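Just so we're aligned: 873 in the numbering used here is position 9 of the sequence shown, and the numbers increase by one with no gaps anywhere. Built from N, CA and C at the ideal position, the CB exists for glycine as well. Predicted, not measured: the structure shown is a model, and the values here were computed from it. Let me begin by presenting the structure, written as structure tokens, before commenting on it.
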Amino acid sequence: MQIAIPILFAVGGLTVVVFGIRLVFNIGGAADTYAAKARARSERIYTRLSGKDSLTMPPVGHRGLTTTNFRFRGVGFTFAGLLMLIASTFLLVLRH
Numbered sequence: 865m866q867i868a869i870p871i872l873f874a875v876g877g878l879t880v881v882v883f884g885i886r887l888v889f890n891i892g893g894a895a896d897t898y899a900a901k902a903r904a905r906s907e908r909i910y911t912r913l914s915g916k917d918s919l920t921m922p923p924v925g926h927r928g929l930t931t932t933n934f935r936f937r938g939v940g941f942t943f944a945g946l947l948m949l950i951a952s953t954f955l956l957v958l959r960h
């Protein structure tokens, strides 16, 4: 049981690294897809709250919903995943 936690932490870190790299390099259009979903969600929320159609919607909230923003988030995920991998490796080495 004591060794299972660092291994799960390492697997989680590796998963986060892969997801981050996928966003950074836009593999399979991941960053584009997430940006489009976020823009659509923003438009739905604006429509529900204001009662107006999306044709008259001002570009509110679109500043943070660009593909570049999701690529920056990918960089953050990649570094966080690498830190998780380093921490889990350190824990595994410490226990043996």
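Taking 8 Å as the cut-off, the Cβ atoms of L949 and A874 count as close.
Of the candidates A868, A944, A894, the residue whose Cα lies closest to the Cα of T879 is A944. Contact annotation, T942 with G884: C-beta distance approximately 3 Å; criterion of less than 8 Å satisfied. Taking the C-beta atoms as reference points, F934 is found nearer than 8 Å to A895.
In the displayed model, G915 falls within coil according to three-state DSSP, outside both helix and strand.
In the three-state reduction of the DSSP assignment, L949 falls in the helix class, which pools H, G and I.
In the structure shown, T930 adopts coil according to DSSP, grouped into three states.
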